[in-house]
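Colleague: Sharing a structure below in structure tokens format, with a few things to ask.
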Amino acid sequence: MSIDDYRPDFLVEAVYDLTPDRLRHHGIKAVLVDLDNTLIAWNNPDGTPELRDWLDSMTEADMPVVVVSNNKHSRVERAVDKFGVDFVSRAMKPFTRGIKIAIDRYGFDPTEVVMVGDQLMTDIRAAHRAGIKSILVKPLVTSDAWNTKINRWRERRVVAKLEDKYGKLNYQKGI
């Protein structure tokens, strides 16, 4: 395993900064997105008006969005049901299970799919294993659920190695 397995294709401030036009410019026609701290704050399962606006803009532009989360079905369903977004729960990231289920369910071309998430250890690693593009976003809130705190500790070491090799990670306002 190489440090490059954790290097995102893009670094973006927030998922809400992604626009259909810029995604298409990079050959992306479908977005897989992590749930906690990417699409919604882990401790605010109701989301925000900004989330509704972003999802509406993606729907209007015919850009499919599918949540791919390691959470259990009931947790993900409760969070996304009101937004009408499909999802894959118990995705088992950093393995490819959830990504492959979403790609197969919709017949997406993997070369036209991106995984958006806030964790190198799960979201970015799973994307690379599945052979799709990846976007790392900043976590929506600085606190984490207990199980994510372990990954964050490991992630700090990986970020240091990435920055040693490639320079400081610079988040943009879009791709």
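Numbering (my numbering), first residue to last: -8 to 166. Glycine residues also receive a C-beta, built at the ideal position from the N, C-alpha and C atoms.
Have a look at Asp47, Glu41, His119 and Asn62 and flag the residue whose alpha-carbon is nearest the alpha-carbon of Asp0.
Modeller: The residue with the shortest Cα to Cα distance from Asp0 is His119.
Colleague: Near Lys20, what residues of its chain come up, given a Cβ to Cβ distance below 6 Å and the 5 sequence neighbours on each side ignored?
Modeller: Within the same chain, Lys20 has close Cβ partners Glu103.
Colleague: Where does Glu146 land, buried or exposed, given buried means 16+ other C-beta within 10 angstroms?
Modeller: Flag for Glu146 reads buried.
Colleague: Between Glu51, Tyr7 and Val79, which lies nearest to Ala32 when the distance is taken from Cα to Cα?
Modeller: Looking at the Cα atoms, Tyr7 is the closest of the given residues.
Colleague: From the DSSP output, read off the bridge partner residues of Ala121.
Modeller: BP columns for Ala121 are empty, so no partner.
Colleague: Would Val107 and Val128 qualify as a contact pair, given that the criterion is a beta-carbon distance under 8 Å?
Modeller: Yes, the Cβ-Cβ distance between Val107 and Val128 is below 8 Å.
Colleague: Helix, strand or coil: how does DSSP classify Met112 here?
Modeller: In the structure shown, Met112 sits in a helix (DSSP, three-state: H, G or I).
Colleague: Taking one C-beta from the segment 111 to 125 and one from the segment 82 to 94 each time, how about it: are there three or more such pairs within less than 8 Å?
Modeller: Flag = yes, the segment 111 to 125 and the segment 82 to 94 touch.
Colleague: Select from Ile123, Trp144, Gln110 and Lys124 the residue whose C-alpha is nearest the C-alpha of Pro130.
Modeller: Checked all of Ile123, Trp144, Gln110 and Lys124; the closest Cα to Pro130 is Gln110.
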